[in-house]
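As given, the protein sequences belong to chains A and B, one line each in that order. Residues 54 to 452 (our numbering) are what the first sequence spells out, left to right. Residues 6 to 295 (our numbering) are what the second sequence spells out, left to right. Using N, Cα and C, we set each Cβ at its ideal position, and we do this for glycine too. Below: one structure, written as structure tokens.
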Amino acid sequence: MSATTPVLITTLAALIGAGLMALTFQRMARPAGVGAVVGALGGALGAQVFMLPLEYCTFASAKTIDHVIGLALVGVGMALLLWPANWIVERLRGGWRGLLIGDTQAGAFRGWLTPALLLAPTLIILLLFLYYPSLDTLWLSTRSSILGIPGTFGVCVDNFTALLNDASYLKALGNTAFITVAVVVFSMALALLIATAAYQPIKGARIYRTLLIWPYAISPVVAGVIFLLMFNPTGGIINYLLRQVGISGIRWLNDPTFAPWVVIFASVWKSLGFNILFYIAGLQNIPKDLLEAASIDGANAIQRFFRVTFPLLSPITFFLLITNTTYAVFETFGTIDYLTPGGGPLQSTETLMYRVYRVGIQNNDLGNGAAQSIILFLMVIALTVIQFRSTGRRVNYGA
Amino acid sequence: MTTLERAQLQTHAQPRARFFAWLPQRWYVHVFLWASCLFIGFPLFYAMLVSTQNNAQVFAYRFLPGESFLDNWRIVMIQRNLASYMLNSTVVALAVTTGKTVLSLLAGLAFVYFRFPGKWLVFGFVLITLMMPTEILILALYNFVTSLGWGNTYTALIVPFLASATGTFLFRQHFSNIPAELSEAAQLDGASPLQFLFRVLVPMSWNTIGALAVIQFVYVWNMYIWPVLIIQGQERQVVQVGLRTLIGGDAALVFGPMMLGAVIASIPPVIVFVLLQKQFMSGFALGRDK
């Protein structure tokens with residue numbers, strides 16, 4: 054890397070930022086010149102967000118992939134500054150007061166000391182136990198750091214590029230995708246089926262509902278313990294039942310083909326209650342007149358379900374899709390650790406979360422573990438953003 | 006059953022075929038629901054059954070209660086000390102649930118009933134933490150909490166979880182729907198913000214408080230990866246990790262005590278959930294009476 058690289062990157066970022074913001078300002082009927090200045094500043098500073106701590110190391114490397122990651126980081130840094138800048142400018146329409154104060158109810162108490170005291174405990178805890186560890190994870194992910202050995206050194210983005218070539222990491226990624234899709238699909242489909250019966254106003258509806266949703270309170274660990282018994286090859290009831298129909302000798306948890314399925318069954322069982330609960334609520338909110346209108350028009354029960362009910366449920370389905378995905382990626386850890394400690398035969402039940410634990414804690418490789426955490430982090434951010442963007446629609450439908 | 010439900014029951018009543026008159030209305034729905042309840046309950050029934058048996062009975066597939074319940078109880082509670090794990094979980098879950106609810110109420114009060122500069126910024130600061138699940142930060146959090154000297158303490162299990170974006174958000178939503186006249190009246194009467202919170206807002210917020218309490222209690226009671234890391238000894242370990250002692254290392258699995266432990270460990274969260282089910286539903290505006 055020559056000494057001019059940082060200057061070059063910064064100038065480029067400033068130019069792109071200026072162009073983008075000038076266009077945005079023009080669209081909002083504001084002076085494009087001001088936009089260009091804001092954009093240039095935001096772009097130039099945004100480029101430094103990741104590059105200054107990394108000392109522009111990605112551009113010193115001989116590997117193309119490092120350059121690509123470097124450019125991506127510059128882009129993310131720019132977005133981190135330009136997006137709020139854009140938002141502030143939009144808010145400025147209401148004047149500086151609107152920017153500082155925001156919406157409040159009419160009868161609000163005055164003073165800043167009391168709210169500061171009220172918020173202090175929450176803010177301090179969030180800062181110390183969520184923000185600081187997040188930044189520290191980001192920092193660790195660029196270091197070679199072994200727990201118990203003092204001293205770390207920077208490795209640029211090598212922890213990340215190493216993951217791309219790490220067959221066991223890619224396998225964990227595949228396992229996670231497989232387990233997640235299976236849990237989400239089976240649990241939600243089964244829940245919807247049961248909910249279509251349970252939401253109806255029949256005698257004892259409340260008792261049925263309680264008996265259907267209680268597994269929400271069961272822990273992933275307990276689900277693991279119970280399914281360890283059910284799927285025991287010689288003492289478990291599943292193989293006993295299978296033997297009655299002529300299938301025998303499946304060694305569930307010792308077989309790389311079947312082990313992930315035990316995790317899936319246990320997780321579906323555990324998450325079913327939650328999904329039934331939300332589908333019952335969703336079904337109860339569907340206007341009865343719509344269904345009646347459809348049946349007057351000659352739609353049979355199945356047509357009514359697929360043409361009216363299911364589309365009207367889509368906000369709930371979407372919400373459950375996000376929460377079930379989060380559950381399958383993170384919360385299955387306890388189930389997996391009890392069913393197949395260590396990640397199962399041929400690592401067939403090792404999910405991304407389980408691997409963070411194995412590499413970061415059991416193998417003491419904090420740098421690599423942190424890099425894996427950051428990738429999970431990006432997935433969570435993506436899911437949260439998708440969820441937030443759709444919340445507006447959900448509220449409208451749900452009412 | 007509420008009047009509303011009864012009214013709907015009647016409007017939905019269909020004319021019954023005379024031949025099936027002895028059957029309850031829409032009997033097939035009942036049959037299906039009974040089957041579903043049994044299907045969902047089956048793993049737990051089976052676990053309960055096995056918790057009364059010894060290994061020989063389990064492997065002989067005896068589907069009747071055995072006589073080993075007391076033996077299993079002794080192994081679980083006395084030999085393996087599950088009672089102490091249960092106590093630890095109770096302390097931690099109650100502390101976090103209470104603390105989180107109080108801190109979220111205070112934060113909600115500040116966000117809805119005060120004007121102060123930079124409010125949206127502070128709210129954004131809280132909201133962004135929704136994207137930071139503890140599971141992801143576990144390595145850095147472990148480093149930090151151990152450096153504070155909190156390794157192996159209740160503090161490590163409680164303090165990092167006391168603040169909640171979900172809770173703050175929930176109370177902010179709930180308070181925003183309460184008419185502004187109430188806070189105006191309280192101000193005219195000279196009530197302080199805290200008096201207003203505890204005399205006026207809290208009595209109007211039991212559903213939201215109950216809903217938050219359920220999810221927090223269940224979440225904390227079922228927490229697993231964090232206590233695995235931060236608690237090494239047995240004295241302060243929680244029950245989700247303690248169940249591991251029932252599985253044992255290389256020894257053959259003894260299913261009776263394992264299942265008894267699993268059932269006992271599930272009782273508190275299931276009871277809390279079932280008891281506060283109504284609050285849970287209405288606090289999240291689930292169901293029809295919203």
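As assigned by DSSP and simplified to three states, the class of Gly257 (chain A):
Numbered from 1 along the first sequence, position 204 holds the residue referred to as residue 257 (chain A). Three-state DSSP puts Gly257 (chain A) in coil, outside helix and strand.
Which of helix, strand or coil DSSP assigns to Arg249 (chain B)
Position 244 of the second sequence, counting from 1, holds the residue named residue 249 (chain B). Three-state DSSP puts Arg249 (chain B) in a helix.
Using Cβ-Cβ distances below 8 Å, what residues of the region 282-307 of chain A are close to chain B?
Listed in sequence order: Leu282, Met283, Asn285, Thr287, Gly288, Ile290 and Tyr293.
So Pro274 (chain B) and Val233 (chain B) are supposed to be a Cβ contact under 8 Å. How far apart are they, rounded?
Taking the second sequence and counting its residues from 1, the one referred to as residue 274 (chain B) is at position 269. Taking the second sequence and counting its residues from 1, the one referred to as residue 233 (chain B) is at position 228. The beta-carbon distance between Pro274 (chain B) and Val233 (chain B), rounded to whole angstroms, is 19 Å. This is too long to meet the 8 Å contact definition.
So what's Phe289 (chain B) in DSSP terms, helix, strand or just coil?
For this step, residue 289 (chain B) is matched to residue 284 along the second sequence. Under the three-state reduction of DSSP, Phe289 (chain B) is assigned to coil, being neither helix nor strand.
Can you tell me the Cα-Cα spacing of Met432 (chain A) and Leu180 (chain A), whole angstroms?
Taking the first sequence and counting its residues from 1, the one referred to as residue 432 (chain A) is at position 379. Taking the first sequence and counting its residues from 1, the one referred to as residue 180 (chain A) is at position 127. Between Met432 (chain A) and Leu180 (chain A), the C-alpha separation is close to 22 Å.
In the structure shown, what three-state DSSP assignment does Arg31 (chain B) receive?
Position 26 of the second sequence, counted from the start, is the residue given in the question as residue 31 (chain B). When DSSP states are grouped into helix, strand and coil, Arg31 (chain B) belongs to the coil group.
For Val275 (chain A) and Ile252 (chain B), I'd like the C-alpha separation in whole angstroms.
Walking along the first sequence from the start, residue 275 (chain A) turns up at place 222. Walking along the second sequence from the start, residue 252 (chain B) turns up at place 247. Whole-angstrom Cα-Cα distance: 12 Å.
Figure out for me which residue from B:Phe278, B:Gln242, B:Leu193 and B:Ala270 has the closest Cα to the Cα of Leu3 (chain B).
This structure cannot speak to residue 3 (chain B), because chain B is shown only from 6 to 295.
Length of the line joining the Cα atoms of Val246 (chain B) and Asp350 (chain A):
Counted from its first residue, the second sequence places residue 246 (chain B) at position 241. Counted from its first residue, the first sequence places residue 350 (chain A) at position 297. Whole-angstrom Cα-Cα distance: 58 Å.
Could you pull the DSSP bridge partners for Arg196 (chain A) from this structure?
By one-based count along the first sequence, residue 196 (chain A) stands at place 143. According to DSSP, Arg196 (chain A) bridges with A:Gly207.
Determine the chain B residues that contact Val275 (chain A) at a beta-carbon separation under 7 Å, and present them in chain order.
Numbered from its first residue, the first sequence carries residue 275 (chain A) at position 222. Residues of chain B passing the Cβ test: Ala267, Ala270 and Ser271.
Closer than 9 Å, CB to CB, is Ala216 (chain B) near chain A or not?
For this step, residue 216 (chain B) is matched to residue 211 along the second sequence. By this cut-off, Ala216 (chain B) is not an interface position.
If we cut at 9 Å on Cβ distances, does Met241 (chain A) have a partner in chain B?
Counting from 1 along the first sequence, the entry for residue 241 (chain A) is found at position 188. It does not: the Cβ of Met241 (chain A) has no partner Cβ on chain B nearer than 9 Å.
Test: Glu140 (chain B) CB closer than 9 Å to a CB of chain A
By one-based count along the second sequence, residue 140 (chain B) stands at place 135. Chain A contact via Cβ: present.
Could you tell me the alpha carbon to alpha carbon distance between Gly413 (chain A) and Ile143 (chain B), rounded to whole angstroms?
Position 360 of the first sequence, counting from 1, holds the residue named residue 413 (chain A). Position 138 of the second sequence, counting from 1, holds the residue named residue 143 (chain B). For Gly413 (chain A) and Ile143 (chain B), the gap between their C-alpha atoms comes out near 9 Å.
Indicate whether the contact test is met: 3 or more Cβ pairs, each with one atom in the region 187-203 of chain A and one in the region 188-198 of chain B, closer than 8 Å.
The region 187-203 of chain A, when compared against the region 188-198 of chain B, does not touch it at the 8 Å Cβ threshold.
Output the distance between the C-alpha atoms of Arg249 (chain B) and Leu146 (chain B), rounded to the nearest integer angstrom.
Looking up residue 249 (chain B) in the second sequence gives position 244. Looking up residue 146 (chain B) in the second sequence gives position 141. Using only the alpha carbons, I get a separation of about 24 Å.
To the nearest angstrom, report how far apart Tyr450 (chain A) and Phe289 (chain B) are at their CA atoms.
In the first sequence, counting from the first residue as 1, residue 450 (chain A) sits at position 397. In the second sequence, counting from the first residue as 1, residue 289 (chain B) sits at position 284. Note that Tyr450 (chain A) scores 37 on pLDDT, short of 50, meaning its location in the model is unreliable and no value can be drawn from it.
Pull up the distance between the alpha-carbon of Asp308 (chain A) and that of Val321 (chain A), whole angstroms please.
Within the first sequence, residue 308 (chain A) is the residue found at index 255, counting from 1. Within the first sequence, residue 321 (chain A) is the residue found at index 268, counting from 1. In a straight line, the C-alpha of Asp308 (chain A) is about 20 Å away from that of Val321 (chain A).
Would you say Ser324 (chain A) faces chain B, with C-beta separation under 9 Å as the test?
Position 271 of the first sequence, counting from 1, holds the residue named residue 324 (chain A). Not closer than 9 Å to any Cβ of chain B, the Cβ of Ser324 (chain A) fails to qualify, so no.
Can you check which of these residues, B:Phe166, B:Thr158 and B:Met136, is closest to Ile177 (chain A) by C-alpha distance?
The residue labelled residue 177 (chain A) in the question sits at position 124 within the first sequence. Looking at the Cα atoms, B:Phe166 is the closest of the given residues.
Whole-angstrom distance between Ile439 (chain A) and Leu65 (chain A), CA atom to CA atom
Residue 65 (chain A) sits at position 12 when you count from the first residue of the first sequence. Residue 439 (chain A) sits at position 386 when you count from the first residue of the first sequence. For Leu65 (chain A) and Ile439 (chain A), the distance between alpha carbons rounds to 30 Å.
Pro174 (chain A) touches chain B at which residues, Cβ-Cβ below 8 Å?
Taking the first sequence and counting its residues from 1, the one referred to as residue 174 (chain A) is at position 121. Residues of chain B passing the Cβ test: Leu108, Leu111, Leu167 and Ala168.
Strictly below 8 Å CB to CB, what residues from chain A border Met209 (chain B)?
Position 204 of the second sequence holds residue 209 (chain B). Near Met209 (chain B) there are no residues of chain A at all, since even the closest Cβ is about 15 Å away, more than 8 Å.
From which residue to which residue does the alpha helix (DSSP H) around Lys105 (chain B) run?
As a working note, residue 105 (chain B) is residue 100 in the second sequence. In this chain, the alpha helix (DSSP H) harbouring Lys105 (chain B) covers Leu87 to Tyr118.
Just verifying my parser: in three-state terms, what is the DSSP assignment at Phe162 (chain A)?
Working through the first sequence from its first residue, we reach residue 162 (chain A) at position 109. Strand.
Can you say whether Gln79 (chain A) is buried or exposed, counting buried as having 16 or more other CB atoms within 10 angstroms of its CB?
Position 26 of the first sequence, counted from the start, is the residue given in the question as residue 79 (chain A). It counts as exposed.
Out of B:Leu54, B:Ile235 and B:Ile220, which has the shortest C-alpha to C-alpha gap to Trp155 (chain B)?
The residue given as residue 155 (chain B) occupies position 150 in the second sequence. Residue B:Ile235 is the option with its Cα nearest to Trp155 (chain B).
Report yes if the CB atom of Phe176 (chain B) is closer than 9 Å to the CB atom of Pro168 (chain A), and no otherwise.
As a working mapping, residue 176 (chain B) is identified with position 171 in the second sequence. As a working mapping, residue 168 (chain A) is identified with position 115 in the first sequence. Taking C-beta atoms as the reference points, Phe176 (chain B) and Pro168 (chain A) fail to come closer than 9 Å.
How would you write the range of the alpha helix (DSSP H) that Pro368 (chain A) sits in, first residue to last?
Here residue 368 (chain A) corresponds to residue number 315 of the first sequence, with the count starting at 1. In this chain, the alpha helix (DSSP H) harbouring Pro368 (chain A) covers Phe363 to Thr379.
If we call anything under 9 Å between Cβ atoms a contact, is Thr190 (chain A) one with Val316 (chain A)?
The residue labelled residue 190 (chain A) in the question sits at position 137 within the first sequence. The residue labelled residue 316 (chain A) in the question sits at position 263 within the first sequence. No, Cβ-Cβ distance for Thr190 (chain A) and Val316 (chain A) is not below 9 Å.
Should Thr287 (chain A) go down as buried or exposed, given a rule of 16 or more other Cβ atoms within 10 Å for buried?
Residue numbering aside, residue 287 (chain A) sits at position 234 when the first sequence is read from its first letter. By the Cβ neighbour-count rule, Thr287 (chain A) is exposed, with fewer than 16 other Cβ atoms within 10 Å of its own.
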